[in-house]
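What follows is a short report on a single structure.
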């Protein structure tokens with residue numbers, strides 16, 4: 002028995018995940034997505050498949066779920082926000098399939114996005130905002146009483162929904178973002194848990210921006226778990242720029258999270274004439290840069306200024322669009 006036993010030439014090991022990836026590839030083949038429209042990033046966990054195309058029909062998804070669940074190893078397929086499917090095992094996300102609809106033809110001329118922060122307190126405000134014919138993006142604070150209903154209303158009204166994420170400001174606790182906010186002293190796991198909880202709670206979210214956060218957005222370590230979560234979920238980040246020393250956009254780019262920065266606060270002075278002046282400043286920035294983002298708040302004066310000024314903006318050739326359209330235009334400009 003001391004003679005060396007020749008090792009049999011084994012087939013390449015088919016690890017359990019290889020079978021899962023094989024099912025994913027079979028699913029993609031069944032969708033008739035052309036090879037050029039699939040980007041695979043399999044080097045990290047979760048492995049990411051980005052597909053250009055509409056979200057697949059329910060019967061195809063059900064068949065894929067059934068096939069994955071038949072594999073040994075307790076794999077599950079779950080729907081994720083914003084057109085994604087995830088393959089999970091023991092609550093760990095192993096694979097994300099993210100479907101990106103080929104966007105409508107992008108409008109020519111300057112683009113403006115107006116984001117209204119601090120929504121979720123009042124259905125009345127949400128309805129007043131929906132009554133504007135020009136689309137304003139809803140940024141909803143997760144802890145507010147009407148947050149979920151406001152997100153549903155916005156989605157039904159074809160408005161983009163963002164999570165207005167409470168983050169630690171300078172001067173805390175005198176300036177208080179709420180006890181459920183993201184604080185720099187927290188571990189990566191706790192920051193991630195809180196953000197993921199917000200995202201699970203508010204439906205239809207396509208991206209986030211910071212509520213307060215002048216301290217949090219200066220801390221690259223604290224921002225990292227935020228960006229990792231957004232990257233996995235296919236969500237974007239808008240930096241509200243509550244501090245000149247923000248590292249948020251830079252950290253987002255490091256993790257390939259689509260990102261933009263706020264250009265103009267519209268209503269730091271909550272008077273109609275002052276807000277109109279800021280809207281004109283936003284228009285000028287959009288003409289100069291090709292696109293610009295304004296952030297405002299649910300004040301009666303702001304709603305009045307938007308009612309008064311947005312029709313003229315559109316007449317002068319400015320397109321009011323959601324953040325996702327700015328990001329598509331930015332990606333095209335960068336040739337990606």
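Numbering (our numbering), first residue to last: 2 to 337. Think of the CB as a built atom: it goes at the ideal place given N, C-alpha and C, for glycine as much as any other residue.
1. Less than 8 angstroms between the beta carbons of residue 296 and residue 261, yes or no?
2. So for residue 1, helix, strand or coil by DSSP?
3. Closer than 8 angstroms is the cut-off here; do at least three beta carbon pairs connect the region 179-190 with the region 116-130?
4. How long is the line joining the alpha carbons of residue 23 and residue 29, rounded to whole angstroms?
5. So, is residue 268 buried or exposed, given that buried needs 16 or more other C-beta atoms within 10 angstroms?
6. Using 10 angstroms around the beta-carbon of residue 289, count the other beta-carbons present and answer buried if the total reaches 16, otherwise exposed.
7. Which residue marks the beginning of the beta strand (DSSP E) containing residue 94, and which one marks its end?
8. Does the contact criterion of 3 or more C-beta pairs under 8 angstroms hold for the region 33-52 versus the region 84-104?
9. Taking 7 angstroms as the cut-off, is the beta-carbon of residue 36 closer than that to any non-hydrogen atom of the ligand FAD?
10. Which residues bound the alpha helix (DSSP H) around residue 61?
11. Pair every Cβ in the region 85-95 with every Cβ in the region 105-119, then say whether three or more of these pairs are closer than 8 angstroms.
12. Can you say whether residue 235 is buried or exposed, counting buried as having 16 or more other CB atoms within 10 angstroms of its CB?
13. Between the Cα of residue 125 and those of 331, 26, 174 and 299, spot the shortest distance and give me the residue it belongs to.
14. With a threshold of 8 angstroms between beta-carbons, can residue 112 be considered close to chain C, or not?
15. Please name the residue in 176, 221, 173 and 80 whose C-alpha comes closest to that of residue 205.
16. Give the single residue among 322, 211 and 27 whose Cα lies nearest to the Cα of residue 134.
17. Out of 163, 178, 155 and 306, point me to the one whose CA is closest to residue 1's CA.
18. Tell me which residue opens and which closes the alpha helix (DSSP H) that residue 201 is part of.
19. What does the Cβ neighbour count give for residue 10, buried or exposed, with the cut at 16 atoms within 10 Å?
20. Could you give the DSSP three-state label for residue 79: helix, strand or coil?
21. The alpha helix (DSSP H) that contains residue 224, what's its start and end?
22. For residue 146, collect the residues of the same chain with a Cβ closer than 6 angstroms to its Cβ; drop the 5 residues on either side in sequence, then sort them by chain order.
23. If we count the other Cβ atoms within 10 Å of its Cβ and call it buried at 16 or more, is residue 315 buried or exposed?
24. From the DSSP output, in three-state form, read off residue 328 for me.
25. Between the alpha carbons of residue 84 and residue 56, how many angstroms are there, rounded?
26. What residue does the beta strand (DSSP E) around residue 41 start on, and which one ends it?
27. Could you check the C-alpha separation between residue 60 and residue 68 for me, to the nearest Å?
28. Should the region 229-247 be called in touch with the region 200-219, which here means at least 3 C-beta pairs below 8 angstroms?
29. Using only the alpha-carbon positions, how far apart do residue 190 and residue 319 sit?
Based on what the coordinates show:
1. The answer is no: Cβ separation not under 8 angstroms.
2. It is not possible to answer for residue 1, since the shown part of the chain is limited to 2 through 337.
3. At 8 angstroms Cβ cutoff, the stretches do not touch.
4. So the two alpha carbons sit approximately 10 angstroms from each other.
5. Of the residues assessed, residue 268 falls on the buried side of the cut-off, its CB having 16 or more other CB atoms within 10 angstroms.
6. Exposed, since its Cβ has fewer than 16 Cβ neighbours within 10 Å.
7. Membership of residue 94 in the beta strand (DSSP E) is indicated by the continuous run 93-101.
8. Pairwise C-beta distances place the region 33-52 in contact with the region 84-104, as three or more of them are shorter than 8 angstroms.
9. The ligand FAD is not part of this structure, which contains no ligands at all.
10. For residue 61, the enclosing alpha helix (DSSP H) starts and ends at 59-71.
11. Contact between the region 85-95 and the region 105-119 is not established, with fewer than three Cβ pairs separated by less than 8 angstroms.
12. Counting every other CB atom within 10 Å of its CB across the protein chains shown gives residue 235 a total of 16 or more, marking it as buried.
13. For the residues 331, 26, 174 and 299, the minimum Cα distance to residue 125 belongs to 299.
14. Any reference to chain C falls outside this structure, which holds one protein chain only.
15. Nearest option by C-alpha distance: 80.
16. Among 322, 211 and 27, the Cα nearest to that of residue 134 is on 322.
17. The question about residue 1 has no answer, for the chain in this structure spans 2 to 337.
18. Here the alpha helix (DSSP H) through residue 201 covers 189-202.
19. Residue confidence for residue 10 is low, a pLDDT of 40 falling below 50, so the modelled location carries little weight and cannot support an answer.
20. Reduced to three states, the DSSP call for residue 79 is strand.
21. From DSSP, the alpha helix (DSSP H) with residue 224 extends over 221-234.
22. Excluding sequence neighbours, residue 146 sits near nothing in its chain.
23. So residue 315 counts as exposed.
24. In the three-state reduction of the DSSP assignment, residue 328 falls in the helix class.
25. Near 6 angstroms, if we compare the C-alpha coordinates of residue 56 and residue 84.
26. DSSP places residue 41 inside the beta strand (DSSP E), whose first and last residues are 39-42.
27. Going from the Cα of residue 60 to the Cα of residue 68 covers about 12 angstroms.
28. Contact annotation: the region 229-247 touches the region 200-219, with at least three C-beta pairs closer than 8 angstroms.
29. Distance between the alpha carbons of residue 190 and residue 319: 42 angstroms.
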